[in-house]
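Take a look at the structure below.
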Amino acid sequence: MAAHENYDGHGAFANPAYVPSRHASTTSIPGEYRKSLDRDEGTESVKSNGSTIKIEANPDAAGYDANGNLSHGNFSALNSIYLNTVFQLEMEDLEIEFLFLIAGGLRHPIPMEKFVPYMVSIRSRNPQKYFGDNHFCAGTIFDKDLVLTTAHCVMDKRRVITKPRRLLLVAGTPNRVEPANTTIQYPVRSLAANLNFVRKNQNDIAIIRLKGVIPENSTAIKAIRLPEGPPQFGAHCTILGWGRLCRNGPLSDLATHLGVRLFTPEECRQKLPDRFKEGMLCAGENKPFKQDPCRGDSGGPLICNNTLTGIISWTIGCGSFHAASLYTDVWYHRQWIEQQLSKSNNLTMTSDVNVSHYRSIGEGKYEFRNNIGPLLPPEIHPYISSGYRPINVDLDRHVVSIRTREPTAYFGDNHFCAGAIITSSIIITAAHCVVDGHRIVTRPRRLRVVAGSPNRLKKDQTTMEFMVSKVIPHPKFQRRKGYDIALLILSDSIPRSNTKIKIISLAKYRPRVGTECQTLGWGQLYVDGPYAGRITYGNLSIIPNTQCLKTYGNYFTKDLLCAANPMDPFVDTCRGDAGAPLICHNKL
Numbered sequence: 001m002a003a004h005e006n007y008d009g010h011g012a013f014a015n016p017a018y019v020p021s022r023h024a025s026t027t028s029i030p031g032e033y034r035k036s037l038d039r040d041e042g043t044e045s046v047k048s049n050g051s052t053i054k055i056e057a058n059p060d061a062a063g064y065d066a067n068g069n070l071s072h073g074n075f076s077a078l079n080s081i082y083l084n085t086v087f088q089l090e091m092e093d094l095e096i097e098f099l100f101l102i103a104g105g106l107r108h109p110i111p112m113e114k115f116v117p118y119m120v121s122i123r124s125r126n127p128q129k130y131f132g133d134n135h136f137c138a139g140t141i142f143d144k145d146l147v148l149t150t151a152h153c154v155m156d157k158r159r160v161i162t163k164p165r166r167l168l169l170v171a172g173t174p175n176r177v178e179p180a181n182t183t184i185q186y187p188v189r190s191l192a193a194n195l196n197f198v199r200k201n202q203n204d205i206a207i208i209r210l211k212g213v214i215p216e217n218s219t220a221i222k223a224i225r226l227p228e229g230p231p232q233f234g235a236h237c238t239i240l241g242w243g244r245l246c247r248n249g250p251l252s253d254l255a256t257h258l259g260v261r262l263f264t265p266e267e268c269r270q271k272l273p274d275r276f277k278e279g280m281l282c283a284g285e286n287k288p289f290k291q292d293p294c295r296g297d298s299g300g301p302l303i304c305n306n307t308l309t310g311i312i313s314w315t316i317g318c319g320s321f322h323a324a325s326l327y328t329d330v331w332y333h334r335q336w337i338e339q340q341l342s343k344s345n346n347l348t349m350t351s352d353v354n355v356s357h358y359r360s361i362g363e364g365k366y367e368f369r370n371n372i373g374p375l376l377p378p379e380i381h382p383y384i385s386s387g388y389r390p391i392n393v394d395l396d397r398h399v400v401s402i403r404t405r406e407p408t409a410y411f412g413d414n415h416f417c418a419g420a421i422i423t424s425s426i427i428i429t430a431a432h433c434v435v436d437g438h439r440i441v442t443r444p445r446r447l448r449v450v451a452g453s454p455n456r457l458k459k460d461q462t463t464m465e466f467m468v469s470k471v472i473p474h475p476k477f478q479r480r481k482g483y484d485i486a487l488l489i490l491s492d493s494i495p496r497s498n499t500k501i502k503i504i505s506l507a508k509y510r511p512r513v514g515t516e517c518q519t520l521g522w523g524q525l526y527v528d529g530p531y532a533g534r535i536t537y538g539n540l541s542i543i544p545n546t547q548c549l550k551t552y553g554n555y556f557t558k559d560l561l562c563a564a565n566p567m568d569p570f571v572d573t574c575r576g577d578a579g580a581p582l583i584c585h586n587k588l
């Protein structure tokens, strides 16, 4: 479910903000934001672990003084020990650009006892990197072992139905990526899809029979009532799902809901003259910034008056302006449902296509014009990943999320880099996080630093947000040519009373080959995958520079460290981890 979008499918324009170029909606940067690297003057000193770090704008005065003080306003010189704390080399052409952020409605997490017990996550049974990454559609329980969903979730464009053994249904888990003590995973016994289904999503309905039944008297897993009469147009209804939070955005970890109004058929024909067909419902809100289902929501319920009135089927595009979303009318299809249930206690494959031509949902990526669509399980690349979810790891207290300051669709979607706390008011990060390819430095007022929040998407009592008063990149920084280091000076100091935020000491020596280290961040969990909701970590070891030279060639400069996990090639940094710390022996 998503907020309104109306610019090239990428968002209604709010205020611009600097972010790396992995975000698609960009525009040229006005000259007023161009900043000379030697523009600021004056010095500033702060204490860190008993030593004074002097921040000085004079480019000729940088370096270490006789007392060990570090002058680095423009970093014309910098000790290699300090530079060696930067461990990540971004090989992609990242630029800091404007992103016009999505404005409008929000998805809302809903309590367990509301409607979540009726809903299941439909997943592939393919190997996965973490619990829940194989979610691609939703469904609704309407009997002890029966689930309703859309046909396009279980049938490809050649009308080939997915084999039951390829699917897994997960119930009793409002958090898509974290199993609870109420979570039950069901294999699929059989399924049936309406053979009159067409790709325009008419007759978009299917039934799945579980291997097993839902527990009796459970508050976490329940069956919903089917309608006993035609839908009541004008009713205020609820849609639920784990779909994308915005167009091309991440999937929601928590089940979320949106309120919509059920339009009359006449209104639907006006809003969607070429799309609205018999057997469909449409719903939405007449708001300039509207809310809508999105990819990953497909197959989920439209609940009106505590009954399953519709099934999420089709939308113009994750919050399209003044457009309604389409739903399968459950009452209209009641005879088809009854026919399938009366045929046999076990539903059968009703495809008229030879199932030997079956292609699993994970094989091949079909282009759906429907912008809800089933969210196809991600292609897993075995050579890169952001590690594992942390367990009893206190190192996250040293790490901050660096974000844009502009309004966002939801808390945390403006994260683009990480950093580490080295004094009560200084964050160290990568220069390419705050400098673009034209050497334009991000203005401090464009940035926000969030600390004390291991969950990127959730504020809690320890979460603190800081404005930035100064951005200081190394003056020699050029992409792929080293010196990828920068400091952010916070407008306010971090209070010592917050035990979830802690300064990390700088390493005094370059780590030796074989030293065991950890890296932390909220980056993508695999190539082109979603960003981590909770901070993740990976165990790495310092390896000889010659190995990185073989891989990166001239991109591996003398001020970089080479680290990897020889025992597990899946562990590595990924996009969104840039600027995050490499911690060896509890030192940066």
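Going left to right, the sequence shown walks through residues 1 to 588 as full-length UniProt numbering numbers them.
Using N, Cα and C, we set each Cβ at its ideal position, and we do this for glycine too.
Bear in mind that the values here come from a model prediction, so they are computed numbers and not experimental data.
query	result
Got a sec, what are the start and stop residues for the beta strand (DSSP E) residue 647 sits in?	Nothing in the structure corresponds to residue 647, since the chain is present only between 1 and 588.
Reducing DSSP to helix, strand and coil, say where Val116 ends up.	helix
Work out the CA separation of Asp460 and Ala451 for me, nearest whole Å.	11 Å
Enumerate in chain order the residues of its own chain whose CB-to-CB distance from Ala171 is below 6 Å, with the five nearest sequence positions on each side excluded.	Val120, Ile184, Ile221
Grouping DSSP H, G and I as helix and E and B as strand, with all else coil, what is Asn539?	strand
Would you decide whether Tyr509 is buried or exposed? Buried here means 16 or more other CB atoms lie within 10 Å of its CB.	exposed
Locate the alpha helix (DSSP H) running through Cys268, then write down its first and last residues.	265 to 271
Contact check, Leu490 vs Ile535 under 8 Å by CB: the rounded distance?	About 20 Å separates the two Cβ atoms, so there is no contact after all.
Taking a contact to mean a Cβ-Cβ separation below 8 Å, would you say Arg397 touches Lys476 in this structure?	no
Return the Cβ separation of Pro301 and Tyr118 in integer angstroms, given the expectation that the two are a contact with Cβ distance under 8 Å.	6 Å
Quick one: what's got a C-beta closer than 7 Å to Gly310's C-beta in the same chain, skipping five residues either side?	Leu281, Leu302, Tyr327, Thr328, Asp329, Val330
Could you spell out where the beta strand (DSSP E) holding Ser325 opens and where it closes?	325 to 329
What does the alpha-carbon distance come out to for the pair Pro187 and Gly419?	42 Å
Taking Leu341 as part of the alpha helix (DSSP H), name the residues at either end of that continuous run.	334 to 343
Could you check the C-alpha separation between Val434 and Arg445 for me, to the nearest Å?	12 Å
Alpha carbon to alpha carbon, what distance is there between Asn565 and Pro179?	28 Å
Buried or exposed: which applies to Val513, given that a residue is buried once 16 or more other Cβ atoms fall within 10 Å of its Cβ?	exposed
Excluding sequence positions up to five away, which residues of its chain have a Cβ less than 8 Å from the Cβ of Gly229?	Trp331
Report yes if the CB atom of Ala494 is closer than 8 Å to the CB atom of Ile421, and no otherwise.	It should be pointed out that residue 494 corresponds to Ile in this sequence rather than to Ala. Yes, the pair counts as a contact, with Cβ atoms nearer than the cut-off.
Nearest by alpha-carbon distance to Lys277: which of Glu266, Asn306, Phe233 is it?	Glu266
Helix, strand or coil: how does DSSP classify Thr480 here?	The residue you asked about is not Thr; residue 480 is Arg in the sequence shown. Coil.
Going by beta-carbon coordinates alone, are Leu254 and Pro174 separated by less than 8 Å?	yes
Near Leu210, which residues of its chain fall below 8 Å by C-beta distance, leaving aside the five closest residues on each side in sequence?	Asp145, Leu146, Val147, Leu169, Tyr186, Pro187, Val188, Arg189
What does a CB cutoff of less than 7 Å around Cys417 pick up in its chain, not counting 5 residues either side in sequence?	Ile402, Thr429, Ala430, Cys433, Ala578, Gly579
First and last residue of the beta strand (DSSP E) that includes Cys584?	582 to 584
In the DSSP assignment, find the unbroken beta strand (DSSP E) run with Leu210 in it and report its ends.	206 to 210
Which residue from Leu341, Lys163, Ser505 puts its Cα closest to that of Asn586?	Ser505
Report buried or exposed for Gly42, applying the criterion of at least 16 other Cβ atoms within 10 angstroms of its Cβ.	Residue placement at Gly42 is poorly supported in this model, since its pLDDT is 35, which falls under 50; the coordinates are not used for a value here.
In angstroms with no decimal places, state the Cα-to-Cα distance between Ile208 and Cys237.	24 Å
Confirm, please, whether the CB-CB distance from Val441 to Val471 is below 8 Å.	yes
Check residue 610 in the structure and name its three-state DSSP category.	Past the edges of the chain, shown from 1 to 588, lies residue 610, and the structure says nothing about it.
Excluding the 5 residues preceding and the 5 following residue 591 in the sequence, name in chain order all residues of the same chain whose CB lies nearer than 6 Å to its CB.	Only positions 1 to 588 of the chain appear in the structure, and residue 591 is not among them; the question remains open.
Below 8 Å on the Cβ atoms is my guess for Gly284 versus Ala138; work out the distance and round it to an integer in Å.	The Cβ separation is near 19 Å, so there is no contact.
Using the rule of at least 16 other Cβ atoms within 10 Å of the residue's Cβ for burial, across every protein chain shown, is Gly234 buried or exposed?	exposed
Which partner residues of Thr149 appear in the DSSP bridge assignment?	Ala206
Please state whether the Cβ-Cβ distance between Met155 and Ala193 is less than 8 Å.	yes
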